[in-house]
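This report refers to the structure that appears directly beneath it.
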Amino acid sequence: MSKKNSPCIGVCKFKRDGHCIGCSMTKKQKEMSKKLKKPKQTEAFFAMLVAQQEEMGGYGHWQGAYERKKRGADRS
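For what it's worth, this note's numbering labels the leading residue of the sequence shown as 609, then goes sequentially.
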């Protein structure tokens with residue numbers, strides 16, 4: 609069984625006004641991301657998250673870390 613892709617990069621420090629410094633999700637968004645089942649829901653959620661990250665600025669390292677994690681999950 610393959611591992612589900614996630615925007616989480618394993619940092620989980622909610623220091624930016626309740627947003628994680630690694631992926632920019634809030635705790636509520638993190639809970640919601642675990643419940644997404646359909647690919648279109650997941651794609652829409654990730655698009656929203658990328659827009660949120662762009663709006664918040666900073667922490668540009670996330671995209672590269674996410675791509676590496678995704679490649680690893682796809683191999684599982």
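Cβ coordinates follow ideal geometry from the N, Cα and C atoms, glycine included. Just so it is clear, the structure is predicted and the values come from calculations on it, not from any experiment.
Item	Value
Coarse secondary structure for Lys643, derived from DSSP in three states	helix
Proximity below 8 angstroms, CB of Pro647 to CB of Cys631	no
Length of the line joining the Cα atoms of Glu663 and Leu657	10 angstroms
Range covered by the beta strand (DSSP E) that runs through Lys623	Phe622 to Arg624
Candidates Gln661, Gly665 and Lys643, of which the one nearest Met633 by Cα	Gln661
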